[in-house]
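A.B. asks: Each residue of the sequence shown is one higher than the one before, counting from 8 in our numbering.
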Amino acid sequence: MSDPRLSELALDGLWKNNPALVQVLGLCPLLAISNTTVNALGLAIATLVTLLVSNGVVSLIRDWVRAEVRLPVYVMVIASVVTIIELTMNAHFHELYNTLGIFIPLIVTNCIIIARAEGFASRHGVGVSLFDGFVMGMGFGLVLVVLGAMRELIGFGTLLDGADQLFGPVAVDWGVRVLPEQMTFLLALMPPGAFIGLALLVAFKQAVDQRAARRARAAKEARPAEPAAEAAG
């Protein structure tokens, strides 16, 4: 199968076919752990690395894996990658590891990862599969971080609070208070707030897409009129 253009892959993963806003995959971690920017960023990085490595490995071994056992093999590859990430986080980012808890091993069951391994990496070369894993991970991670920032800002009135959990002692003072405590809204930190926040992001994407489609349609309709006007002149 011929490899798609990298620009098409980038547009698909980051916007046009974003795994969180369009495919609506990986909702469990997306909604459950996105209550702060740091938590969301930590899980986003772990998911991106998993997508990147698992796509590369699946693409490498695709010619040696029989069709009958491909899914169990792909799950074992993903589970191995997640185990390495989990052990690394436990050793070097222990506080964040405790905060994320069960959601790190649950990356294994994330539909985005198995979908890209089965639907893309098993059919394309290593280079383009790595790029696909990167842009899909970035697309999912950006939504996760934006949602986490929104909820932290509205629910706690802060941004990047606890950044030292991810970036070390140098980031102790990175957290900033944007809103006074009396202006925070607790609902943003609860499950309904996560659903409302995601719905707002989906609605924003739909509005941008519809506006772009209207502009493209108007430009297309205006194009045939130009030669006619010149001929009349």
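Just so you know, even glycine gets a beta-carbon here, dropped at the ideal spot from N, CA and C. Keep in mind the model is a prediction, meaning the values are calculated, not measured.
1) Find the nearest neighbour of Ile3 within the set Asp180, Gln217, Val115, Arg184, judged by alpha-carbon distance.
2) For Ile243, which residues in the same chain have their Cβ closer than 8 Å to its Cβ, ignoring the five residues on either side in sequence?
3) Per the DSSP calculation, Val29 is bridged to which residue(s)?
4) Under the three-state reduction of DSSP, which class applies to Arg218: helix, strand or coil?
5) For Ala199 and Leu151, what's the separation of their Cα atoms in angstroms?
6) Once you ignore the five residues that flank Leu227 on each side, which residues in its own chain have a CB closer than 8 Å to its CB?
7) Going by DSSP in three states, Ala235 sits in which element: helix, strand or coil?
8) Per DSSP, which residues does Leu166 bridge with? Please list them.
9) Sort Ala98, Leu58, Leu196, Gln213 by Cα distance to Leu137 and report the nearest one.
10) Measure the alpha-carbon distance for Val72 versus Phe147 and round it to whole angstroms.
11) I need the DSSP call for His131, collapsed to helix, strand or coil.
12) Compare the C-alpha of Tyr81 against each of Arg123, Gln217, Ala170 and name the closest.
13) Reducing DSSP to helix, strand and coil, say where Asn62 ends up.
14) Does the Cβ of Glu15 have 16 or more other Cβ atoms within 10 Å, making it buried, or fewer, making it exposed?
15) Leaving out five residues before and five after Leu67 in sequence, what residues of the same chain have Cβ atoms less than 7 Å from its Cβ?
16) For Gly155 versus Leu55, is the C-beta distance shorter than 7 Å?
17) Is it the case that the Cβ atoms of Leu13 and Cys118 are separated by a distance below 7 Å?
18) Just verifying my parser: in three-state terms, what is the DSSP assignment at Glu15?
19) Using three-state DSSP, classify Trp71 as helix, strand or coil.
20) Given a threshold of 16 other Cβ atoms within 10 Å of its Cβ, counted over all protein chains shown, does Arg69 qualify as buried or as exposed?
21) Suppose you measure from the CA of Leu84 to the CA of Leu78; what does that come to, to the nearest Å?
22) Alpha carbon to alpha carbon, how far is Gly169 from Arg158?
23) In angstroms, rounded to a whole number, what distance separates the CA positions of Ile203 and Asp216?
C.D. replies: Short version:
1) Since the displayed the chain opens at 8 and closes at 240, residue 3 lies outside it and no answer follows.
2) The shown model of the chain, from 8 to 240, leaves out residue 243, and the question about it has no answer.
3) Start at 1 with the first residue of the sequence shown, and residue 29 comes out as number 22. Looking at the DSSP output, Val29 shares a beta bridge with no other residue.
4) Mapped onto the sequence shown, residue 218 falls at position 211. Looking at Arg218 - three-state DSSP - the assignment turns out to be helix.
5) In the sequence shown, residue 199 corresponds to position 192, counting from 1. In the sequence shown, residue 151 corresponds to position 144, counting from 1. Rather than Ala, the amino acid found at residue 199 in this sequence is Pro. Between the alpha carbons of Pro199 and Leu151 lies a distance of about 16 Å.
6) Counted from its first residue, the sequence shown places residue 227 at position 220. Note that residue 227 corresponds to Lys in the displayed sequence, not to Leu. Hits under 8 Å: none found.
7) Reading the sequence shown from its first residue, position 228 is the one you call residue 235. Here the model assigns Ala235 a pLDDT of 49, short of 50, so the residue's position is not dependable and the matter cannot be decided.
8) Position 159 of the sequence shown, counting from 1, holds the residue named residue 166. For Leu166, which the question treats as bridged, DSSP gives the partners Val183.
9) Counted from its first residue, the sequence shown places residue 137 at position 130. Closest option to Leu137, Cα to Cα, is Leu58.
10) Looking up residue 72 in the sequence shown gives position 65. Looking up residue 147 in the sequence shown gives position 140. Answer to the nearest angstrom: the Cα atoms are 28 Å apart.
11) For this step, residue 131 is matched to residue 124 along the sequence shown. His131: coil per DSSP, three-state reduction.
12) Within the sequence shown, residue 81 is the residue found at index 74, counting from 1. For the residues Arg123, Gln217, Ala170, the minimum Cα distance to Tyr81 belongs to Arg123.
13) One-based indexing of the sequence shown puts residue 62 at position 55. It is helical.
14) For the purposes of this step, residue 15 is taken as residue 8 along the sequence shown, with counting starting at 1. Exposed.
15) Counting from 1 along the sequence shown, the entry for residue 67 is found at position 60. Result list for Leu67: Val133, in chain order.
16) To locate residue 155, count along the sequence shown from 1; it is residue 148. To locate residue 55, count along the sequence shown from 1; it is residue 48. Their beta carbons are not under 7 Å apart, which means Gly155 does not touch Leu55 by this criterion.
17) Here residue 13 refers to the residue found at position 6 of the sequence shown. Here residue 118 refers to the residue found at position 111 of the sequence shown. Not a contact, by the Cβ cut-off of 7 Å.
18) For the purposes of this step, residue 15 is taken as residue 8 along the sequence shown, with counting starting at 1. Helix at Glu15.
19) What you label residue 71 is simply residue 64 of the sequence shown in a count that begins at 1. Three-state DSSP puts Trp71 in coil, outside helix and strand.
20) The residue you call residue 69 lines up with position 62 of the sequence shown. In summary, Arg69 is buried, with 16 or more beta-carbon neighbours lying within 10 Å of its beta-carbon over all protein chains present.
21) Residue 84 sits at position 77 when you count from the first residue of the sequence shown. Residue 78 sits at position 71 when you count from the first residue of the sequence shown. The sequence as given places Val at residue 84; Leu does not occur at that position. Separation of Val84 and Leu78 (C-alpha to C-alpha, rounded to the nearest whole angstrom) is 10 Å.
22) As a working mapping, residue 169 is identified with position 162 in the sequence shown. As a working mapping, residue 158 is identified with position 151 in the sequence shown. The straight-line gap from Cα to Cα measures roughly 15 Å.
23) On the sequence shown, position 196 is the one that residue 203 refers to. On the sequence shown, position 209 is the one that residue 216 refers to. Between Ile203 and Asp216, the alpha-carbon positions lie close to 20 Å from each other.
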